[in-house]
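Letter 125 of the sequence shown, counting from 1, is numbered 167 in the working numbering, and no numbers are missing.
Each residue gets a CB set at the ideal place from its N, CA and C atoms; glycine is no exception.
Take a look at the structure below.
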Amino acid sequence: MTNGSRNNVKQLNNDYSRQVATDHQGQKQRVSQVRKRRFVLIVAVFGALMLFFGYQLINTRVSLHQVNQQVATSQVKLKKAQQKNGQLETEIKQLNNKDYLQKLLRSKYDYTKSGETVYSLPNDNASDVTAN
Numbered sequence: 043m044t045n046g047s048r049n050n051v052k053q054l055n056n057d058y059s060r061q062v063a064t065d066h067q068g069q070k071q072r073v074s075q076v077r078k079r080r081f082v083l084i085v086a087v088f089g090a091l092m093l094f095f096g097y098q099l100i101n102t103r104v105s106l107h108q109v110n111q112q113v114a115t116s117q118v119k120l121k122k123a124q125q126k127n128g129q130l131e132t133e134i135k136q137l138n139n140k141d142y143l144q145k146l147l148r149s150k151y152d153y154t155k156s157g158e159t160v161y162s163l164p165n166d167n168a169s170d171v172t173a174n
């Protein structure tokens, strides 16, 4: 049967078969258009999401950079304040020492005990109380 048999089926070429063929071809075109529209829509939505999240990422990095700069400046200010605090604490300890306090009063304010005489020399910087 396979050796001598040919395909004896012939396609009809009438109005109905032409209409079915055109309908089938039109349906293929519509399916193709719908797929193209879906593809474009999916790409557009994906692109919009990429833009949105990209903007958020960049904005977050900029904010992080600003915060890091603020932290760095705050740390510098904190170090300076801690150094100043250490100096002031040292000065407080020295002011509680009677010997240091007497030397400071004598040199800065020309304080004398009763019966003492102070002689000013030309090279003496402590002679002007308002100098400091």
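Nearest-angstrom beta carbon gap, residue j and residue i [assumed within contact, 8 Å]
{"i": "residue 130", "j": "residue 137", "result": "With 8 Å as the limit, residue 130 and residue 137 do not qualify as a contact, their Cβ atoms being about 10 Å apart."}
Secondary structure of residue i, DSSP reduced to three states
{"i": "residue 118", "result": "helix"}
{"i": "residue 58", "result": "helix"}
{"i": "residue 158", "result": "coil"}
{"i": "residue 141", "result": "helix"}
{"i": "residue 65", "result": "helix"}
{"i": "residue 110", "result": "helix"}
{"i": "residue 73", "result": "helix"}
{"i": "residue 52", "result": "coil"}
C-beta contact flag for residue i and residue j at 9 Å
{"i": "residue 53", "j": "residue 59", "result": "yes"}
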